[in-house]
């Protein structure tokens, strides 16, 4: 018998506030009482003892390639332990020391490998009549992988890790994700792809840009908790006030908010959050504990209300559809949706790109042959940026398939815009938007695309008005100067006469 999903019942603002207070108070007690047992410590030490020991140089190498790596081993090592490396993971390069064989000094004073010595020479070496020495230490490169690049999951790891990965799926994840995206929109925050390899970090908040990014290795459960954490950073710890908080206070607020909101929607992250909070709060006294908690509670309430509102709107939309549309139309729409999943959207995007590449330039004219980064290149880069925002799943898959360097793409786009007129760039962006409208986007994707186009038009028109006003002022000043020049000339003529 199929399990019937219970309808989601929205809580009142008072109920939300009461539950938030209860959750945050409970967390305070949990943090105070939290400790690691000797058994947990032994498990941790036994686990870490199985790993290779690395020199400071190799430690620095690993950190430069995979920031925050917890524990590494070779491909064979992980396979032997039962945690094979995930497909597509890039290895970390380290230096592997190799000692060459022993050498001896022959009667002519030359140093040679001991394995090439004659029987007589070996005897002389043994008798101490010929000198010998250890071979030189030479280095080759080896490959290792961090534990987060393997199939190891939470249950395989010791509980002691303060930053272990959260595994597992989330019920109604797509609804929660849309709610969190609404939080970002309301607070003028963008959810983007990371600009660099995050390594073991689960997410990042780019303070100056008001952007947040998630590690593509995260599970749904990890993504939910981490996105809430990073959105809190972006909202509370801005460029203007970031120096008002210590690092510990920032992490305390972000994790407390993430835990509270996740728990409210029945996502238990206490196993992760308790360790994380203990790691950041031990041996540290906060200056204004009450103020920090008040900000946590108000932020958590805003996030919860936004997510609930989003879920409520989606539910109302489904009800409206079922009332207004005949059954056969709903069946047709269902079949159409089945025909156009993310894979179909991705395929149609690729087909559109191929077709446009065969066509002429965006203005119906040939571009300069010496221009390496063409109009079409800019349009494709701009569309990929848009896809990452309006249809994140498809955008991420396209970038992964094409192995695109997002930072390089952004740099090329900026350079192009600096060397081309604003009108030209605007027209290219408008064409890109129009091309994306031809694709079978989701309702949310179409809505976001419309918002982007409105913003683009508004900013372009505002810029035109500024330029027009500036031009009028210059013309007015020029007229005044010309008039004054004529008057001066008249005066000069009068004086000369």
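In the numbering used here, the protein residues as written are 281 to 777. Glycine included, every Cβ here is placed at the ideal spot set by N, Cα and C.
Could you tell me how far apart the beta carbons of residue i and residue j are, in whole angstroms, since I believe they sit closer than 8 Å?
| i | j | result |
| --- | --- | --- |
| residue 529 | residue 573 | Residue 529 to residue 573, Cβ: 11 Å. No contact. |
| residue 380 | residue 416 | 5 Å |
| residue 485 | residue 513 | 4 Å |
| residue 356 | residue 426 | Not really, about 15 Å apart at Cβ, beyond 8 Å. |
| residue 716 | residue 729 | 6 Å |
| residue 689 | residue 475 | No, residue 689 and residue 475 are not in contact; Cβ-Cβ is about 11 Å, not under 8 Å. |
| residue 708 | residue 658 | 6 Å |
| residue 705 | residue 697 | 5 Å |
| residue 780 | residue 373 | Nothing about residue 780 can be reported from this structure: the residues present for the chain run from 281 to 777 only. |
CB residue i to CB residue j, shorter than 8 Å?
| i | j | result |
| --- | --- | --- |
| residue 518 | residue 579 | no |
| residue 422 | residue 376 | yes |
| residue 663 | residue 712 | yes |
| residue 508 | residue 480 | no |
| residue 495 | residue 511 | no |
| residue 463 | residue 492 | no |
| residue 369 | residue 386 | no |
| residue 556 | residue 535 | yes |
| residue 549 | residue 482 | no |
| residue 411 | residue 384 | yes |
| residue 363 | residue 454 | no |
| residue 451 | residue 668 | no |
| residue 576 | residue 526 | no |
| residue 354 | residue 405 | no |
| residue 725 | residue 677 | no |
| residue 490 | residue 523 | no |
| residue 720 | residue 591 | no |
Identify every residue that forms a DSSP beta bridge with residue i.
| i | result |
| --- | --- |
| residue 385 | 391 |
| residue 783 | Summary: the structure shown does not reach residue 783, with the chain confined to residues 281 through 777, and so no result is reported for it. |
| residue 483 | 494 |
| residue 470 | 491 |
| residue 576 | BP columns for residue 576 are empty, so no partner. |
| residue 413 | 383 |
| residue 511 | Partner(s): none; residue 511 has no beta bridge. |
| residue 373 | 423 |
Quick one: using the 10 Å Cβ neighbour count with 16 as the cut-off for buried, is residue i buried or exposed?
| i | result |
| --- | --- |
| residue 661 | buried |
| residue 501 | buried |
| residue 292 | exposed |
| residue 396 | exposed |
| residue 403 | exposed |
| residue 703 | exposed |
| residue 653 | exposed |
| residue 655 | buried |
| residue 738 | exposed |
| residue 560 | buried |
| residue 391 | exposed |
| residue 429 | buried |
| residue 498 | buried |
| residue 747 | exposed |
| residue 586 | buried |
| residue 731 | exposed |
| residue 781 | Absent from the structure is residue 781, since the part of the chain shown begins at 281 and ends at 777. |
| residue 276 | The requested residue 276 does not occur in the structure, where the chain is confined to residues 281 to 777. |
| residue 531 | buried |
| residue 408 | exposed |
| residue 607 | In this prediction, residue 607 scores a pLDDT of 46, lower than 50, which makes its location untrustworthy; no coordinate-derived value is stated. |
| residue 675 | buried |
| residue 359 | exposed |
| residue 593 | exposed |
| residue 295 | exposed |
| residue 457 | buried |
| residue 503 | buried |
Just reading off the alpha helix (DSSP H) that residue i is part of, what are its end residues?
| i | result |
| --- | --- |
| residue 657 | 655 to 670 |
| residue 365 | Where residue 365 is concerned, there is no enclosing alpha helix (DSSP H), given that its DSSP letter is neither H nor E. |
| residue 781 | Residue 781 lies beyond the range of the chain shown here (281 to 777); nothing can be said about it. |
| residue 712 | 702 to 717 |
| residue 696 | 686 to 698 |
| residue 520 | Premise fails: residue 520 is in no alpha helix (DSSP H) and is neither H nor E. |
| residue 404 | 399 to 406 |
Tell me, please, whether the CB atom of residue i is closer than 8 Å to any CB atom in chain C?
| i | result |
| --- | --- |
| residue 349 | Considering every chain present, this structure includes no chain C. It has just one protein chain. |
The ligand NAD and residue i: does the residue's C-beta get closer than 7 Å to at least one heavy atom of that ligand?
| i | result |
| --- | --- |
| residue 720 | Ligands displayed in this structure: none; no statement on the ligand NAD is therefore possible. |
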